[in-house]
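Novice: Straight run, no breaks: the sequence shown in the working numbering ends on number 323.
Glycine is no exception: its CB is placed at the ideal position from the N, C-alpha and C atoms.
This is the structure I have questions about; it appears just below.
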Amino acid sequence: MQKVAVGALLLPSLAKAGISEGLSLAKIKQVGLQLYSVRGEMLADPIGTLKQLAAFGFTDIESAAEPGKGAFYGLAPKEIKQICQDLGMTVRSGHVSLDDQWQQSMEDAVEAGQEYLICRSLPNEGKTADNYKRAAELFNKAGEACKKHRLIFGYHNHSVEFQQENGQVLYDLLLEHTDSDLVTMELDLGWMVATGNDPLDYFRRYKGRFGLWHLKDMDGRRSVELGKGDLDIVNLIKNGKQAGMNHLFIEQEQFAGSTPMESMERNVKYVKGLTF
Numbered sequence: 048m049q050k051v052a053v054g055a056l057l058l059p060s061l062a063k064a065g066i067s068e069g070l071s072l073a074k075i076k077q078v079g080l081q082l083y084s085v086r087g088e089m090l091a092d093p094i095g096t097l098k099q100l101a102a103f104g105f106t107d108i109e110s111a112a113e114p115g116k117g118a119f120y121g122l123a124p125k126e127i128k129q130i131c132q133d134l135g136m137t138v139r140s141g142h143v144s145l146d147d148q149w150q151q152s153m154e155d156a157v158e159a160g161q162e163y164l165i166c167r168s169l170p171n172e173g174k175t176a177d178n179y180k181r182a183a184e185l186f187n188k189a190g191e192a193c194k195k196h197r198l199i200f201g202y203h204n205h206s207v208e209f210q211q212e213n214g215q216v217l218y219d220l221l222l223e224h225t226d227s228d229l230v231t232m233e234l235d236l237g238w239m240v241a242t243g244n245d246p247l248d249y250f251r252r253y254k255g256r257f258g259l260w261h262l263k264d265m266d267g268r269r270s271v272e273l274g275k276g277d278l279d280i281v282n283l284i285k286n287g288k289q290a291g292m293n294h295l296f297i298e299q300e301q302f303a304g305s306t307p308m309e310s311m312e313r314n315v316k317y318v319k320g321l322t323f
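What follows is the structure, encoded as structure tokens:
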């Protein structure tokens, strides 16, 4: 198996620890999951699902708000925090909307023990440069509000952000018009690659801006289990320090021939089995 020097992935925070050059045979021990991958299971049996995920080896979770079930699949913020602590996991992050419930979202995130609060989609629908600049202003304000709550605000991309207007990539406008001290980017690697963009190019041009990753493998535009798609996972993780990556979350949106839980078990084994 290919070896790279990423000894710091033994620690929860890659950016703080840095990459220890020359250290080989290191393994990733801190692996997160975006719970959207198993949303059906979480809605049906959140506690039982969390127990299974902990048994698989996940250490961090990232929630995704569901209509009618709130940010934590019907569980109270303190409840999911305690359940995860008892299982040896951390509610590290959560996806919500930047809407009129934003104050409550921040308060819930604090109660759940989160470190990050992520805006999961643009707060406006217009795919224009002006709207992206306005969104960047809102993100800076949201980042200031989160900072007062000792939270880190971030934004998660899909594919639409890589559209262009007059040769300008809209996603780049978010990076250029947000304050790096207030806004981190949760980079969905799968969608970036699926749209024909190179993450390593972004790591070089916007060093340190991508504090969180969605490790999502893609076969074209179809989400697949890790190692079965187009993502150069080892090389991307090797460049995690340059990106500023602190935590990674596995995410898979489509399933062929297996259940979401079966795929999650294989995915976490794949990541923990990588030798650097």
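Once the 5 residues before and after Lys125 are set aside, which same chain residues still bring their CB inside 8 Å of it?
Specialist: So the qualifying residues of the chain are Glu158, Ala159.
Novice: Cutting at 7 Å between CB atoms, please list the residues of its own chain near His196, excluding the five before and the five after it.
Specialist: So the list reads Met153, Val157, once near-sequence residues are dropped.
Novice: If I'm right that Ala118 touches Val143 with Cβ under 8 Å, what's the distance once you round it to whole angstroms?
Specialist: Yes, they are in contact, since the Cβ atoms of Ala118 and Val143 sit about 6 Å apart, within 8 Å.
Novice: For Val78, which three-state DSSP category applies?
Specialist: Here Val78 sits in coil by DSSP.
Novice: Please state the DSSP three-state secondary structure of Ser270.
Specialist: Correct three-state label for Ser270: strand.
Novice: For Phe250, report the span of its alpha helix (DSSP H) as first-last.
Specialist: It spans 246 to 252 - the alpha helix (DSSP H) in which Phe250 sits, taken as one unbroken run.
Novice: Thinking C-beta only, is Asn286 closer than 8 Å to Leu321?
Specialist: Contact: no.
Novice: So, Tyr163 versus Gly201, is the Cβ gap smaller than 8 Å?
Specialist: Yes; because the gap between Cβ atoms is below 8 Å, this pair is in contact.
Novice: Hey, out of Glu212, Thr231, His205, Lys188, whose CA is closest to Met239's CA?
Specialist: Answer by Cα proximity: His205.
Novice: Taking the beta carbon of Pro307 as the centre, do at least 16 other beta carbons fall within 10 Å, making it buried, or is it exposed?
Specialist: Buried, since its Cβ has 16 or more Cβ neighbours within 10 Å.
Novice: Out of curiosity, what's the CA-to-CA distance linking Thr231 and Phe257?
Specialist: So the two alpha carbons sit approximately 6 Å from each other.
Novice: Among Ile127, Ala101, Val138, Ala102, whose alpha-carbon lies nearest the alpha-carbon of Ile108?
Specialist: With distances taken between Cα atoms, Ile108 lies closest to Val138.
Novice: Assuming Lys275 contacts Asp235 under a Cβ cut-off of 8 Å, what Cβ separation, rounded to an integer in Å, is found between them?
Specialist: That pair is no contact at about 17 Å.
Novice: If I'm right that Met311 touches Leu97 with Cβ under 8 Å, what's the distance once you round it to whole angstroms?
Specialist: With a Cβ gap of about 12 Å, Met311 and Leu97 do not count as contacting.
Novice: Helix or strand or just coil, what does DSSP make of Met308?
Specialist: Three-state result, Met308: helix.
Novice: CB Phe296 to CB Leu259, shorter than 8 Å?
Specialist: In contact: Phe296 and Leu259 (Cβ atoms closer than 8 Å).
Novice: Leaving out the 5 sequence neighbours to the left and right, which residues in its chain are closer than 6 Å to Val318 when beta-carbon positions are compared?
Specialist: Ile75, Val78.
Novice: Within 10 angstroms of its Cβ, does Ser305 collect 16 or more other Cβ (buried), or is it exposed?
Specialist: Result: exposed.
Novice: Short check: CB of Leu221 to CB of Ala189, under 8 Å?
Specialist: No, they are not a contact pair.
Novice: DSSP three-state call for Ser301: helix, strand or coil?
Specialist: Checking the sequence shown, residue 301 turns out to be Gln, not Ser. Gln301: coil per DSSP, three-state reduction.
Novice: DSSP three-state call for Gly287: helix, strand or coil?
Specialist: Reduced to three states, the DSSP call for Gly287 is helix.
Novice: What separation, rounded to the nearest whole angstrom, lies between the Cα atoms of Arg313 and Ala73?
Specialist: So the alpha carbons of these two residues sit roughly 20 Å apart.
Novice: With Tyr83 and Glu233 assumed to form a contact (beta carbons below 8 Å), what rounded beta-carbon distance in angstroms separates them?
Specialist: Contact flag wrong, Cβ pair sits at about 13 Å.
Novice: Do you know how far the Cα of Lys180 is from the Cα of Gly214?
Specialist: Those two C-alpha atoms are separated by around 16 Å.
Novice: Tell me, to the nearest whole angstrom, how far the beta carbon of Cys166 is from that of His224; I am working on the premise that it is less than 8 Å.
Specialist: That pair is no contact at about 15 Å.
Novice: Would you grab the beta carbon distance between Gly198 and Gln148 for me? Rounded to a whole angstrom, and I think it's under 8 Å.
Specialist: Position check: residue 198 holds Leu in this sequence, whereas Gly was assumed. Actually they do not touch by this definition, with Cβ atoms about 15 Å apart.
Novice: Drop a sphere of 10 angstroms on the beta-carbon of Lys316, count the other beta-carbons inside from all chains shown, and report buried for 16 or more, exposed for fewer.
Specialist: Lys316 is exposed by the Cβ-count criterion.
Novice: Among the candidates Ala91, Cys193, Asp133, whose CA atom is the shortest distance from the CA of Gly141?
Specialist: Ranking the options by Cα distance to Gly141, first place goes to Cys193.
Novice: Please report how far the alpha carbon of Leu145 lies from the alpha carbon of Asn282, in whole angstroms.
Specialist: Near 33 Å, if we compare the C-alpha coordinates of Asn282 and Leu145.
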